[in-house]
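Contents: one structure, followed by commentary.
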Amino acid sequence: MSPFAVQLVNLFAAAMLLLAFAMLSQRRILALIHLYALQGLALSASTVTVAWATGQDHLYYSAAITFTLKVLLLPWILHRLIRRLSVKWDVETLINIPTMMLVGIVLVVFSFNLALPISEFSRSIARGTLGIALACVLLSFLMMITRSKAVPQVIGFLSMENGLFFAATSATYGMPMVVELGIALDVLVGMVILGVFLFQIREQFDSLDIHHLEKLKED
Amino acid sequence: MDPLAILLAVPLAGGFSLWALGERDSAPEINAAFSFATFMAAAWLTEDVISTGPITAFHEQFFVDPLNVFLVALTAFVAFTTALFSRPYMRTEREHGRMTPARLRLYHSMYQLFTFTMLLALTTNNMGILWVAMEAATLTTVLLVSVYRTAASLEAAWKYFILCGVGIAQALFGTILLYFAAERVLGPQGDALLWTHLDVVKHQLEPAIMSLSFVFLLVGYGTKVGLVPLHNWLPDAHAEGPTPISAVLSGLLLNVALYSVIRCKVLAEGALDSRFAGNMMMGFGLVSTLAAAFFLSRQRDIKRMFAYSSIEHMGLMTFAFGMGGPIANFAGLLHMTVHSLVKSAIFFAVGHAAQKAGTQVMEDIRGLLRVSPRVGWGLMIGTLAILGMPPFGVFASEFLILTTAMREHAWATPLLLLALGVAFAAILRRVQPMVFGETTLRRLPYQPALAPVFIHLGLGLMLGLYIPPYLAAWYQQAAKLLG
Amino acid sequence: MNVEGVFAQLTAAVVALVLGPLLTGWVNQWRAWLQNRTAPPLTQPFRTLHKLFWKESVMAHEASALYRLAPYVVFSCMLLASMIIPTLSTNLPLAPAADAIALVGLFALARLFISLAAMDVGTAFGSLGARREMLVGFLAEPAFLMVVFTASLITDSTSLATIVSSLSHRSLAILPSLAFAGVAFTMVSLAENARVPVDNPATHLELTMIHEALVLEYSGRHLALLEWAASLKLFAYSCAGLALFFPWGVAEANDRTALALALPVLVAKLAAGGIALAVIETILAKMRIFRVPEFLATAFLLGVLALLVHLLLGA
Amino acid sequence: MTTTFPALDGVLAVVAAWFAIGVAGIAVPRSLRFVALFLFPLSALLGIVLAGFALAALPGAAQSAILPIGLPGLPFHERLDALSAFFLAVLGLAGAGVSIFAGGYFRAGEGTAPGLMCLQYHVFLAGMAMVLLADDAYAFMVSWELMALASFFLVTTNHRIPEIQRAGFLYLLIAHIGAIGILLCFGVLQANTGDYTFANMRAQHLPALRASAAFLLALFGFGAKAGILPLHVWLPEAHPAAPSPVSALMSGVMLKTAIYGLARVTFDLLGSPLWWWGVVALALGLATALFGAVFAAAQVDMKRLLAYSSIENMGLVVVAFGLAIVFRAYGMPALAALALMAMLYHCLNHAVFKSLLFLGTGSVLHATQERSLGKLGGLLRRMPWVAWTALVGVIAAAALPPSNGFVSEWLLLQGFLFTGGLPNPYLRMLVPIFAAGVVLVSALAGYVMVKFFGVIFLGRPREEKLAEAHDAGFLERLGLAWLTAGCVLLGVFPVAVMEIVDPGATLLLGHGLAQGGRIGDWLVLAPVSAERASYSPFAMLAVALAVVGLVFVLVRRVYHGRVRRAPPWDCGYPLQTARMQDTAEGFGQPIRQIFEPLFRMKRELPTAFDTAPRYKVTIEDPMWHGIYEPIARATEAFSRIVGYLQRGRIAIYLLYSFLTLVALLFLAQA
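Protein chains in written order, with the numbering used here: chain A, 1 to 219; chain B, 1 to 483; chain C, 1 to 315; chain D, 1 to 670.
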């Protein structure tokens, strides 16, 4: 396959990592959603590239699913949610942004080192992608830890899913179709349920601040 | 007509039809009927396996082997008895105004779907589908946990969702890595995730990848097993959901999660030919057992307490499977079975007790023997059984686990002794005054369903004194298969 | 069990019954003399017994059968004891029936009965006496056994006959262990026989008395039996002591001449012992009841010490 | 008796029958008459039958059977050899007496329905029998815990009372922890073979370290049941809580199963003990015995007093056990047999007389509703049956001739007197000290028993209501008489008994007491040689009785038999009341004073100006303060620390999983 494709995939990988960092540091929820959509875009683009480069047709389907789900559907749902729930800001993060950045960088280094021995075995076109995927996962994990409102947590959760998909498509040429379909279904349903939840939480505590969700504990 | 198909189809259909039927008075009975049909199908399937041996179906996408056949039967059975139990229970809840018809509708359909997802997870041969099923199980149960719509139940459900969602995501990464390792051996077709195939070639899988993959899988599915320190969702979800759900969570879902962990462990062990995976599980198991024991000693909410006891027992099983070897694995499987029987029985009794007292706070539940002896004895005997008092099956497995540990990992036995002792003291100290003494309780509008309690306890008793040959044979084959 | 045996056994019994009260009288005489009093005659105890036997026995309303039974039991226990201890001869048919340990048990049995009897009527002094008696007993009994153990470790036997014969056959040598044991034994027998410094047989000052408090309610023939039993006990202890520490002169099996000779020897030894006892009682002062445990604990420790010394020095 | 005699089948049949009786009882939970007048006497009969089978099996060779229940590959192995036969005989004989008594004892108002109690009671009996029969670890543990469970429910019969609940909790907790210890002991014994049959364990030869570990675990596990220091705390709580027949059974028989387990593991499964095990057992046993005796002397609750006295007796048994180990380790089988015989004999004796005494307290309890010694007294005249039988028990418990208690003590002391031959100089020094201790203990036992009997049955009643106390009923008398007869016969004919028991010792040591000739002739007990030591209770008793009779007759012949009744003299003090007698506290006072450091006493002394002065002393077990409370506090503290794992913040929870993941990834990479 052509080195051009490799460069392309690497580019998208880099974009995803960048976006992950951006989400980590982004406070405004609306912007967060946009970033999420962009990440989905990069993901589907890379999937298409891989599909085109290796001629694996089922990857086109998975790209299509990804696009519709993560670029169109979920961002739209999220938009409506925050408009209905009127949450704009996620003011205070639990750790301040620069520290989070530093931690994030450490994570990236860690995950690259982790992925390095494995990527030798990869027949795949882009060796580094696995590390990047792992980094994305861990970064969104970090984001979930540090956000104090429900919606950003959800977005973190979703972007973690992105990282996983990226690993699936770029490191291995996509999972079996049936599995991907199942995963997509789960994500969709999960999203819907989350939406319902957010409303219920809101009507219970009339806020989406998860500090209200700290009653159940060992005292 | 294939029993496997029926087994999976019935609960799926049940879920949708119960939703479609909407808010009816007869919904509980219909629910029970569907569960019964599922149980029948499971029985048929079991009978098939007994006569013909392990089977695979649908282009090997599904398979039933000694390891999962009894889990399938167990799951269907407990799901059925729980449906029986939930009939009067849920009606009473409605009387007490905690359930509305709409919620009951949701409850019943989700109950069936939940059964379906568990059966799917158990019978699928595809590690990917396994993941999908586990995630689906999480989703359905989240709705069930939050069904009361109270602040506490919402919080519990939210934590459950987030923690398990994240955990399951790790498991997905593990699955991807597994596929990544597998396709280099089996080629990039759909069957590269089929467990049977993987099991054949497990020795050729790349160790470096497999070790990472197992870590992700363990953390992922381990979250659902409730291993400390990934357990935090478990007590909340058990305490705040409706009691039938606590019963199936403890009795079934944890089992299924552990089942997926040990499936992965088999592969990892094969690839790594080191005790890495085993040791990791032993570590988790030990930590969980100990921590849970000490958690137990400070509980005030009865369901929360038994949730921690589930963590303790899951830890014990994880420890057993971690040790490996025919005896330990045998013990682990036996413990799985008996624990889910006894623990669900306990939750049934607890449910009625809590309804009588109108609270789950143990200080306010007193003297069950006086107001309704059968509930009292059910709770007492169940507790003693779960605490490892012979002649119940829990003791049998603990006997094997401890003695095996004593000879292979003597260093661990003092910790186990400590944990078991503390747990015993903690639980008995709480349960005794609830059962004995003068009472504070009232009668219930509906006659509680106690048949399930005593059926379960009876089976638990039987497994302590006599294990049917088929079951024993399965256990032994499964133990061999787990290595 | 041959004729000599039976004969020896019966003589032992008779001798005990006769010499017991006489010994008491003898000691009382010497105490009187040592205190510059005119002494009662030697046979005074017999006169007392005779008088008491004639008197009718006055009994509390609540007194139960146990109360009436006790004197007989105590008496027979003491008589049995003094029939077991080789006083004149070691060839006693009853000897195998009870060894030294059983002998101690016998004394304990008597103590149990008399204490219970004292509690039976339910008066303040009775139970007080019983308590004190048991207090003395549970400390004295172990001490006594320690003494016995020393002797039996030396002679490899607990059977009194064997002890005596083997002790009497060894050449005269000072055994430090036996010396310790001797002191311990003396203290024990002072306590057990209610003598000064532990108790004063002549006292009737209620708060200090032990033995008198026990028999306070008794009268008439029951009292007589108890008194006789007391003197038998003194006799038995003395003989035991003599048997353990001065075993010479006790007749061997089936030896008529020795048997004939043994009696005077015994009387002489008893006389000497009685004088010693009287002297002790005169020069010592009675101690407070709370000091008694210390006194007896000392005896007990001396007994243990005797054992250790024997094991240490092999002597 | 030939070995072809199917004793084992018979025993199993009896066990099954006991289970059946239990089920029959639960079938008619509320009909007291049926249960009391039919089922309990029936089970007493079965007890005698059981004893018969056991005695028949004693001399014979071991018989074994396999039941179709248990784990796959590990069905219940049952085996009846001399040792288990002996203990089964104990169970049968004591159990018969207790059961017949229980028939008359249990009333409707006991808290649990009679039928249910019947079930628990007979499961308890059957469980004990199964423990003695078990021949593999699993069967043993199952029966062991079954026994514990049944007795737990029996102890909590009267569960309305919170103290009783606490007692039951404490009992089951310690029992369970001990059971886990035993389980681990078996884990060591099976030595990596994965075969849990006793036969296999016998075949294994463990290295010294593992063997010692097994022994210590066994000592811990069985000690928890036998009430060895410091695991004795449940005894004084559980025994007063339980209905008296249950206390009798627990104290009389259940404690013995622990001794059985110790002997089984040490001599049979481990085979060749090390000498220092014996020293450990001696020290622990003596400490326990002294502790029990001293505390018994200070008790004011009659059943508590008996419980402590049981602790004392178990201590003595363990001392004998230790002595046997020492002799065995130094290759002196004959002396080991002597010590072991002392142990077995004392087990038998204690079973009989302690059951007797507990049953006596039961009757007193029913007659007066009173457990506190301070409110009893003068019952000898109200309840002669109970009193006179109790007197025999008291003499036995005080280890006085010619009772059975004395025989075993005599044997034990004889055993001590042979320690001069031990090669180890330190032991030679040490053992006499132990002997002194044992003697002290038995003397104290006398003190305790005088207190027990004197305060309950003698003197004047301390309360008015005692006036209408009634004597025991027919069935109760039957049980008391049965056990009393046991006390007397076991005391008067020791030689015959020991020759029956001897195979037990032979089995464990390969060397019995009767080796080469008999244990003395039928009359005179001379375990080694007549010169060495001999004891003939029969002769003593005969002579004593003769003397009593003779004196009685003579006095009446020569003098007269006149008696005049009058108010008590008491130094002429006119106004005496029953309150002036010694109270239980008063009677225990000297002991409290002497052993003051042992006690934790709280005194409430009246001031000089009290209008209604009260004097109160409460004694608590120092072990609570010394061991158990610290443990409880430590657990509490640790669980508080663990609690910090769960502070409710979801972010923190996520952090846990995150860190776990990262840490494990590190591990995986390394």
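Just so you know, even glycine gets a beta-carbon here, dropped at the ideal spot from N, CA and C. Note that the structure is a prediction, hence the values are computed from the model and not measured.
Helix, strand or coil at D/T611 [DSSP, three-state]: Taking the first residue of the fourth sequence as position 1, residue 611 of chain D is located at position 611. Here D/T611 sits in coil by DSSP.
Cβ of B/K159 within 8 Å of any chain D Cβ: On the second sequence, position 159 is the one that residue 159 of chain B refers to. Judged by the 8 Å Cβ criterion, B/K159 is in contact with chain D.
Contact check, B/V375 vs B/T439, beta carbons under 8 Å: Counting from one through the second sequence, the residue named residue 375 of chain B turns up at place 375. Counting from one through the second sequence, the residue named residue 439 of chain B turns up at place 439. Going by C-beta atoms, B/V375 is not nearer than 8 Å to B/T439.
Contact set between the segment 274-307 of chain B and chain A, restricted to residues whose Cβ is under 8 Å from the partner: Per Cβ criterion, the list reads F295 and R298.
Closest Cα partner of C/L79 within the set C/L226, C/A278 and C/F290: Here residue 79 of chain C corresponds to residue number 79 of the third sequence, with the count starting at 1. It is C/L226.
From C/S231, C/L296, C/I283 and C/L307, residue whose alpha carbon lies closest to that of C/W26: Mapped onto the third sequence, residue 26 of chain C falls at position 26. Selected option, being the one with the closest Cα: C/S231.
Selection of the segment 46-73 of chain C by Cβ proximity to chain D, strictly under 7 Å: Per Cβ criterion, the list reads F53, W54, E56, S57, V58, M59, A60, H61, E62, S64, L66, Y72 and V73.
Nonlocal neighbours in the same chain, by C-beta distance under 6 Å from D/G178, ignoring five residues either side: Working through the fourth sequence from its first residue, we reach residue 178 of chain D at position 178. Here the set comprises G221, A224 and K225.
Outcome for D/T3 when other beta-carbon atoms lying within 10 angstroms are tallied against a minimum of 16: Counting from 1 along the fourth sequence, the entry for residue 3 of chain D is found at position 3. Summary for D/T3: the model assigns pLDDT 48, below 50, so the residue's position carries little reliability; its value from the coordinates is reported in the next sentence. Flag for D/T3 reads exposed.
Other residues of its chain near C/V279: CB distance less than 8 Å, five sequence neighbours each side excluded: Your numbering for residue 279 of chain C matches position 279 in the third sequence. So the list reads W30 and L34, once near-sequence residues are dropped.
Neighbourhood of D/R202 by C-beta, 8 Å cutoff - its chain only, sequence neighbours within 5 removed: What you label residue 202 of chain D is simply residue 202 of the fourth sequence in a count that begins at 1. Correct list, in chain order: D268, L269 and G271.
Per-residue DSSP class, three states only, for B/M99: Start at 1 with the first residue of the second sequence, and residue 99 of chain B comes out as number 99. DSSP places B/M99 in coil when its eight states are reduced to three.
Cβ contact (3+ pairs, closer than 8 Å) linking the segment 21-33 of chain B and the segment 43-56 of chain B: The segment 21-33 of chain B, when compared against the segment 43-56 of chain B, does not touch it at the 8 Å Cβ threshold.
Cβ-based neighbour list, C/A130, same chain, cut-off 7 Å, excluding 5 preceding and 5 following: For the purposes of this step, residue 130 of chain C is taken as residue 130 along the third sequence, with counting starting at 1. Around C/A130: S115, A118, M119 and L214.
Integer Cβ distance of B/M238 from B/S250, believed to fall under 8 Å: Here residue 238 of chain B refers to the residue found at position 238 when the second sequence is read from its first residue. Here residue 250 of chain B refers to the residue found at position 250 when the second sequence is read from its first residue. As written in the sequence, residue 238 of chain B is His, which differs from the Met given in the question. About 7 Å; that satisfies the 8 Å criterion.
Environment of D/S84 [buried if 16+ CB atoms lie within 10 Å]: Reading the fourth sequence from its first residue, position 84 is the one you call residue 84 of chain D. D/S84 counts as buried, since no fewer than 16 other beta carbons sit within 10 angstroms of its beta carbon.
Euclidean distance between Cα positions of D/F595 and C/A151: Translated into the one-based positions of the fourth sequence, residue 595 of chain D becomes position 595. Translated into the one-based positions of the third sequence, residue 151 of chain C becomes position 151. Computed Cα separation, rounded: 29 Å.
First and last residue of the uninterrupted beta strand (DSSP E) at C/K233: Taking the third sequence and counting its residues from 1, one reaches residue 233 of chain C at position 233. Counting along the chain, C/K233 falls outside any beta strand (DSSP E), though it belongs to the alpha helix (DSSP H) covering G220 to F245.
When D/M429, D/P402 and D/H511 are compared against D/L525, the one with the closest alpha-carbon: Position 525 of the fourth sequence, counted from the first residue, corresponds to residue 525 of chain D. Proximity to D/L525 across D/M429, D/P402 and D/H511 peaks at D/P402, based on C-alpha coordinates.
Residue from D/M314, D/V11 and D/P567 with nearest C-alpha to D/N349: Working through the fourth sequence from its first residue, we reach residue 349 of chain D at position 349. It is D/M314 whose Cα lies nearest to the Cα of D/N349.
Residues that A/S62 bridges to, as DSSP identifies them: For this step, residue 62 of chain A is matched to residue 62 along the first sequence. Bridge partners of A/S62: none, in fact.
The alpha helix (DSSP H) enclosing C/I324, as first and last residue numbers: The requested residue 324 of chain C is not part of the displayed model; chain C covers only 1 to 315.
Closest residue to D/T577 among C/T38, C/A124 and C/L109 (Cα-Cα distance): Numbered from 1 along the fourth sequence, position 577 holds the residue referred to as residue 577 of chain D. For the residues C/T38, C/A124 and C/L109, the minimum Cα distance to D/T577 belongs to C/A124.
Residue environment, D/P207, which counts as buried when at least 16 other CB atoms sit within 10 Å: Locating residue 207 of chain D in the fourth sequence gives position 207, where the first residue counts as 1. Sixteen is the threshold: since fewer than 16 other Cβ atoms of the shown chains lie within 10 Å of the Cβ of D/P207, the residue is exposed.
At least 3 beta-carbon pairs within less than 8 Å: the segment 60-76 of chain A vs the segment 33-47 of chain A: yes
Any 3 or more C-beta pairs closer than 8 Å across the segment 632-641 of chain D and the segment 274-285 of chain B: Segments in contact, no.
Close beta carbons around D/T288, own chain, < 8 Å, minus the five adjacent residues each side: In the fourth sequence, residue 288 of chain D corresponds to position 288, counting from 1. Here the set comprises G227, I228, L229, H232, I311, E312, M314, G315 and V318.
Same chain only: Cβ atoms within 8 Å of D/A191, ignoring 5 sequence neighbours per side: Position 191 of the fourth sequence, counting from 1, holds the residue named residue 191 of chain D. Cβ within range, chain order: M201, Q204, L206 and R210.
Which of helix, strand or coil DSSP assigns to C/A285: Stepping through the third sequence from its first residue, residue 285 of chain C is reached at position 285. Residue state, collapsed to three classes: coil.
Sequence-distant residues of the same chain with beta carbon closer than 8 Å to A/W82, five excluded per side: Residue 82 of chain A sits at position 82 when you count from the first residue of the first sequence. Per the sequence shown, the amino acid found at residue 82 of chain A is Ile instead of Trp. Excluding positions up to five away in sequence, the list reads I29, L30, I33, K88 and V151.
Outcome for A/I97 when other beta-carbon atoms lying within 10 angstroms are tallied against a minimum of 16: Walking along the first sequence from the start, residue 97 of chain A turns up at place 97. Within 10 angstroms of the beta-carbon of A/I97 lie fewer than 16 other beta-carbons, which makes it exposed.
Identity of the residues DSSP links to D/D136 by a beta bridge: In the fourth sequence, counting from the first residue as 1, residue 136 of chain D sits at position 136. D/D136 is bridged to D/T197.
Validate contact between the segment 488-500 of chain D and the segment 449-461 of chain D using beta carbons, cut 8 Å, 3 pairs: no
Meets three-Cβ-pair contact criterion under 8 Å: the segment 365-382 of chain D and the segment 415-424 of chain D: Not touching, per the Cβ criterion.
Nonlocal neighbours in the same chain, by C-beta distance under 6 Å from B/S109, ignoring five residues either side: In the second sequence, residue 109 of chain B corresponds to position 109, counting from 1. So the qualifying residues of the chain are G15, L18 and W19.
B/T56, enclosing beta strand (DSSP E) - first and last residue: Along the second sequence, one-based indexing puts residue 56 of chain B at 56. Looking at the DSSP string, the run of the beta strand (DSSP E) that includes B/T56 is I55 to A57.
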